[in-house]
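Worksheet: the structure to be examined is printed underneath.
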Amino acid sequence: MEKSLKDQVALVTGASSGLGKSIAIYLARAGAKVAVNYHSDEEGAQDTVNIIKKEGGQAFAHQADVGDEEEVEEMFQKVFDTYDNFDILISNAGIQKDAPLDEMTLEDWELVIKTNLTGAFLCSRAAVRYFLKHGVVDGISKSAGKVIFMSSVHQEIPWAGHINYAAAKGGLTEFMRTLSQEVANKQIRVNSVAPGAIKTSINEDVWKDEEQVKELLKLIPYNRLGEPEDVSEVVLWLASDKSEYVNGTTIFVDGGMSLYPGFIGNG
Ligand code: NAD
1 MEKSLKDQVA
11 LVTGASSGLG
21 KSIAIYLARA
31 GAKVAVNYHS
41 DEEGAQDTVN
51 IIKKEGGQAF
61 AHQADVGDEE
71 EVEEMFQKVF
81 DTYDNFDILI
91 SNAGIQKDAP
101 LDEMTLEDWE
111 LVIKTNLTGA
121 FLCSRAAVRY
131 FLKHGVVDGI
141 SKSAGKVIFM
151 SSVHQEIPWA
161 GHINYAAAKG
171 GLTEFMRTLS
181 QEVANKQIRV
191 NSVAPGAIKT
201 SINEDVWKDE
211 EQVKELLKLI
221 PYNRLGEPED
231 VSEVVLWLAS
241 DKSEYVNGTT
251 IFVDGGMSLY
261 PGFIGNG
């Protein structure tokens with residue numbers, strides 16, 4: 001495999017499972033040194049690290065809640081101290097706490113906003129501060145630094161019963177675009193990836209149930225659920241110099257879910 005990220009340093013949040021785990025492994029295979037953030041699943045994070053090390057890569061696991069300012073600052077310091085450099089933030093950690101609005105508790109509203117949106121703010125702020133101070137253009141990368149947010153098709157598609165999640169991902173869209181507008185002239189690249197339905201633990205109650213899969217496939221023109229690797233391939237490209245001129249945009253990885261499939265054959 002081409003080492004497109006050779007010697008670059010990446011932090012992947014929420015990398016103990018699902019998309020974050022797959023992305024961390026992909027980045028390491030491309031030559032990056034990877035900090036594997038986790039919240040509570042230490043075993044999952046250690047497994048990510050072990051897979052990377054077994055393949056000859058470099059990685060370490062670090063516990064931090066992405067919604068906690070102090071813990072995020074400490075985590076970034078650990079990354080800078082360990083690898084003496086920093087190039088790529090994959091702001092991936094995210095949760096769902098579903099309920100219709102009239103039944104949603106303030107606690108579940110705040111927890112999702114804190115993790116999915118404030119987490120993106122705290123992590124990207126720490127990354128951008130580093131890039132502004134230390135980022136080198138035309139060093140090991142053509143850019144001074146790269147931020148990739150894990151958004152969702154629900155940054156665009158409303159999702160009844162998941163209003164906290166949709167609001168966080170919708171907010172993340174304009175956060176990403178505004179940040180990119182702020183820092184593009186410093187050669188810092190900021191983009192999002194918006195997955196559709198990818199088989200991870202966040203939605204396993206759906207993809208483990210045949211009837212629900214049948215219903216879900218009606219929303220996916222490409223007619224299959226996504227695998228974490230479908231997303232990792234795109235993240236890897238976005239993190240590399242091959243996408244150098246891509247700034248402030250969202251790449252949908254959704255098998256066409258955002259194409260209003262309800263209109264297929266309609267009129
Ligand atoms: P997942 O549940 O496997 O992964 C989420 C990860 O975030 C877990 O490792 C979890 O421990 C971590 N996390 C949760 N709260 C945290 C916190 N406070 N601090 C640090 N880490 C925390 O699910 P996933 O599908 O891999 O989700 C990853 C991202 O992808 C999320 O942002 C999610 O919204 C997004 N996404 C997933 C899908 C999908 O279909 N799987 C679709 C669209 C978007």
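Residues in the sequence shown are numbered from 1 upward in steps of one, following full-length UniProt numbering. Where is the CB? At the ideal position from N, CA and C, for every residue including glycine.
- [ ] Measure the alpha-carbon distance for Gly265 versus Ile220 and round it to whole angstroms.
- [x] Taking the sequence shown and counting its residues from 1, the one referred to as residue 265 is at position 265. Taking the sequence shown and counting its residues from 1, the one referred to as residue 220 is at position 220. Linking Gly265 to Ile220 through their CA atoms gives a straight-line distance of about 14 angstroms.
Task: Helix, strand or coil at Ser192 according to DSSP, with G and I counted as helix - done: The sequence position of residue 192 within the sequence shown is 192, counting from 1. In the structure shown, Ser192 sits in a strand (DSSP, three-state: E or B).
Open item on the list: Counting beta carbon pairs with one atom in the region 145-165 and one in the region 119-131, are three or more of them shorter than 8 angstroms?
Closed with: yes
- [ ] Answer with buried or exposed for Leu117, where buried requires no fewer than 16 other C-beta atoms within 10 angstroms of its C-beta.
- [x] Working through the sequence shown from its first residue, we reach residue 117 at position 117. Note on Leu117: 16 or more other CB atoms within 10 angstroms of its CB, so buried under the neighbour-count rule.
Task: Through-space distance from Gln212 to Gln181, alpha-carbon basis - done: Taking the first residue of the sequence shown as 1, we reach residue 181 at position 181. Taking the first residue of the sequence shown as 1, we reach residue 212 at position 212. Taking the straight line from one Cα to the other gives about 40 angstroms.
Open item on the list: Any heavy atom of the ligand NAD inside 8 angstroms of the beta-carbon of His154?
Closed with: Here residue 154 refers to the residue found at position 154 when the sequence shown is read from its first residue. Correct: His154 has its Cβ closer than 8 angstroms to the ligand NAD.
Open item on the list: Let me check understanding here. Comparing Cα to Cα, which of Asp68, Lys33 and Ala93 lies closest to Thr13?
Closed with: Within the sequence shown, residue 13 is the residue found at index 13, counting from 1. For the residues Asp68, Lys33 and Ala93, the minimum Cα distance to Thr13 belongs to Ala93.
Task: Contacting residues, own chain, Cβ-Cβ under 8 angstroms from Gly44 (five flanking each side not counted) - done: The residue you call residue 44 lines up with position 44 of the sequence shown. In its chain, beyond the 5 residues on either side, Ser16, Ser17, Lys21 and Tyr38 have a beta carbon closer than 8 angstroms to the beta carbon of Gly44.
- [ ] Name the two residues that bound the continuous beta strand (DSSP E) containing Tyr165.
- [x] Here residue 165 refers to the residue found at position 165 of the sequence shown. Segment Ile163 to Val183 is the alpha helix (DSSP H) holding Tyr165; no beta strand (DSSP E) there.
Task: Residue of Ser240, Gly256 and Ser91 minimising C-alpha distance to Val5 - done: Translated into positions along the sequence shown, residue 5 becomes position 5. Looking at the sequence shown, residue 5 is not Val but Leu. The shortest C-alpha separation from Leu5 is found at Ser240.
Open item on the list: Can you tell me whether Pro221 sits near the ligand NAD, meaning its C-beta is under 8 angstroms from at least one heavy atom of the ligand?
Closed with: For this step, residue 221 is matched to residue 221 along the sequence shown. Not under cutoff, so the answer is no.
TODO: Please say whether Thr173 and Ser143 have beta carbons closer to each other than 9 angstroms?
DONE: Residue mapping note: residue 143 aligns to position 143 of the sequence shown, counting from 1. Residue mapping note: residue 173 aligns to position 173 of the sequence shown, counting from 1. Their beta carbons are not under 9 angstroms apart, which means Ser143 does not touch Thr173 by this criterion.
TODO: Compare the beta carbon distance of Leu101 and Ile163 with 9 angstroms and say whether it is the shorter of the two.
DONE: Within the sequence shown, numbered from 1, the residue matching residue 101 stands at position 101. Within the sequence shown, numbered from 1, the residue matching residue 163 stands at position 163. Taking 9 angstroms as the Cβ cut-off, Leu101 and Ile163 qualify as a contacting pair.
- [ ] Alpha carbon to alpha carbon, how far is Val34 from Lys78? Give it in angstroms, no decimals.
- [x] Walking along the sequence shown from the start, residue 78 turns up at place 78. Walking along the sequence shown from the start, residue 34 turns up at place 34. As the crow flies, the alpha-carbon of Lys78 is around 12 angstroms from that of Val34.
Open item on the list: Among the candidates Ala64, Ala28, Ser40 and Arg189, whose CA atom is the shortest distance from the CA of residue 291?
Closed with: The structure shown does not extend to residue 291, since the chain is modelled only from 1 to 267, so the question has no answer here.
Open item on the list: Using a Cβ distance threshold of 8 angstroms, determine whether the region 247-262 contacts the region 188-200, with at least three qualifying pairs required.
Closed with: Yes: the two stretches touch, three or more of their Cβ pairs being nearer than 8 angstroms.
TODO: My understanding is that Gln8 touches Ile95, with C-beta atoms under 8 angstroms, so please give their C-beta distance in whole angstroms.
DONE: In the sequence shown, the residue the question calls residue 8 occupies position 8. In the sequence shown, the residue the question calls residue 95 occupies position 95. 28 angstroms between Cβ atoms; not a contact.
- [ ] Mind checking who Leu99 pairs with in its DSSP beta bridge?
- [x] The sequence position of residue 99 within the sequence shown is 99, counting from 1. Leu is not the amino acid found at residue 99; the sequence shown has Ala there. Partner(s): His162.
- [ ] Return the bridge partner residues of Ala10 from the DSSP annotation.
- [x] Working through the sequence shown from its first residue, we reach residue 10 at position 10. Answer is Val34 and Ile88.
Task: Backbone secondary structure at Thr115 - three-state DSSP - done: For the purposes of this step, residue 115 is taken as residue 115 along the sequence shown, with counting starting at 1. It is helical.
- [ ] Tell me, to the nearest whole angstrom, how far the beta carbon of Ala99 is from that of Asp87; I am working on the premise that it is less than 8 angstroms.
- [x] Against the sequence shown, residue 99 aligns to sequence position 99. Against the sequence shown, residue 87 aligns to sequence position 87. Wrong, their Cβ atoms sit about 39 angstroms apart, outside the cutoff.
Task: Backbone CA spacing between Glu103 and Gly67 [nearest angstrom] - done: On the sequence shown, residue 103 is found 103 positions in, with the first residue counted as 1. On the sequence shown, residue 67 is found 67 positions in, with the first residue counted as 1. Each residue's alpha carbon lies about 24 angstroms from the other.
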